[in-house]
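Residue numbers (the numbering used here), protein chains in the order written: chain A, 27 to 144; chain B, 27 to 144.
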DNA sequence: TCATATACCGAATTTTTATTCCATACTTGA
DNA sequence: TCAAGTATGGAATAAAAATTCGGTATATGA
């Protein structure tokens, strides 16, 4: 099987456990997009995160479903339709996402000066 | 130069900015080790994080100094001596680290059952 | 004398992630 | 009829991150 994580999550330490669930490039953004609880179709998620390659979002969504952070419903229709929604467990991560969002907003200037263009 | 990050931090969105500063495998753990503010010599840091390859810690410490999360003092002695300490900016990330630690402790069981050995 | 400790870094390799491209199979609207 | 949208995934490739190994130079203690 392609794209199977060798170590799904890191159980060695609680900090690494949490990090390993969200450290992939787009997972925190996916949680942020799904935060309201409203189900979202994958095409919508792709549109909301245009910087991310669709294939990557698919893979990360799949992992998040496996980890229990996100729930998926597939409607047996044609053309195919499916929905992703944040799980109760996933919601418990939102305060962390919030703090990271706030931190990023608060300290953006420092890094813009340091690493921004020109 | 070896090990230069292509994009030092991600300025596209505040969430990605914060994540990009700490998502490397050991950075959050390094911040946790340095949390009290007491300077630590690199050999001590290596001992506290024995799972991490020393070379990786060196590299990640260097990046964290560059990003301003950690400060470094080099004593011009032989044998060489140096110290790392968390910066004021780095300290502002500790509430996030704390929340991730708590989350990991609270939800450890779920993932132990799911992914733990036997 | 010799192993150990010190801090660091280059280089090569391995592992993990991310990206790109193509394919499926059916619907709708132009 | 034909392009575009729908969800998904295989496969190949590229890029990034982590790991391993070896080297620098000097001091200390056995």
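Just so it is clear, CB atoms sit at the ideal spot from N, CA and C, and this is done for glycine as well. All of these numbers come straight from a predicted model, not from anything done at the bench.
| Check | Outcome |
| --- | --- |
| Neighbour list for residue 142 of chain B in chain A, Cβ cutoff strictly below 9 Å | 37 |
| Opposing strand residues paired with residue 101 of chain A [DSSP bridges] | A/107 |
| Outcome for residue 140 of chain B when other beta-carbon atoms lying within 10 angstroms are tallied against a minimum of 16 | exposed |
| Helix, strand or coil at residue 82 of chain B [DSSP, three-state] | helix |
| Span separating the alpha-carbon of residue 81 of chain B from that of residue 142 of chain A | 28 Å |
| Whether residue 44 of chain A touches residue 126 of chain B by CB criterion (7 Å) | yes |
| Length of the line joining the Cα atoms of residue 136 of chain B and residue 101 of chain B | 46 Å |
| Residue-chain proximity (residue 40 of chain B, chain A), Cβ-Cβ < 7 Å | yes |
| Cutoff 8 Å; reference residue 54 of chain A; Cβ partners in own chain excluding five residues on either side | 48, 123, 126 |
| Per-residue burial, residue 104 of chain A [other beta carbons within 10 Å of its own, 16 or more giving buried] | exposed |
| Under 8 Å by beta carbon: chain B residues contacting residue 145 of chain A | With chain A represented from 27 up to 144, any question about residue 145 of chain A goes unanswered, as that position is not in the structure. |
| Contact between the region 64 to 77 of chain B and the region 65 to 85 of chain A (3+ Cβ pairs under 8 Å) | no |
| Which residues DSSP lists as bridging residue 112 of chain A, in chain order | A/96 |
| Any C-beta of chain A under 7 Å from that of residue 54 of chain B | yes |
| Cβ neighbours of residue 27 of chain A in the same chain (closer than 8 Å, five flanking residues each side left out) | Residue confidence is low: residue 27 of chain A scores 38 on pLDDT, short of 50, so the model does not pin down where it sits. No coordinate-derived value is stated. |
| Buried/exposed call for residue 93 of chain B, threshold 16 Cβ in 10 Å | buried |
| Residue 95 of chain A versus residue 46 of chain A: straight-line alpha-carbon distance, rounded | 13 Å |
| Exposed unless 16 or more other CB atoms sit within 10 angstroms - verdict on residue 107 of chain B | exposed |
| Residue-chain proximity (residue 97 of chain A, chain B), Cβ-Cβ < 7 Å | no |
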